[in-house]
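If you count by the working numbering, then the sequence shown holds residues 5 to 64, one letter each, in order.
C-beta atoms are modelled at their ideal positions from N, C-alpha and C, and glycine is treated no differently.
Below: the structure, in C-alpha cells.
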Amino acid sequence: MRKSYRVKSEADFQKVFDQHHSVANKMFIVYTMQRDQPTHFRLGISISKKLGCVVTSAFG
C-alpha cells in the first residue's frame, strides 16, 4: 500500500473520529469520512489496548 494511502498521524485519526459515520458489529467498528477530492481512499487501523498483547504475539 502506498504511504499516501495510509492514515498514520494522531491528528488524522482524530479528524475521522470527530467527523465520522460508523458501521459496527461485534468485532469491528468502521469509521468513514467524506473528503473534498476523493481520488483514492485512505486506510488506518486502530487496535484496542486490550488486544495489544495478542497483536504483538501474532505479528511480532
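Looking at the DSSP output, Ile-33 bridges to Ala-28. For Arg-10, the beta-bridge partners assigned by DSSP are Leu-47.
Exclusion of the five residues before and after His-24 leaves Tyr-35, Thr-36 and Met-37 as the residues of its chain whose Cβ lies within less than 8 Å of its Cβ.
With respect to Ser-50, Phe-17 sits close: the two C-beta atoms are nearer than 8 Å.
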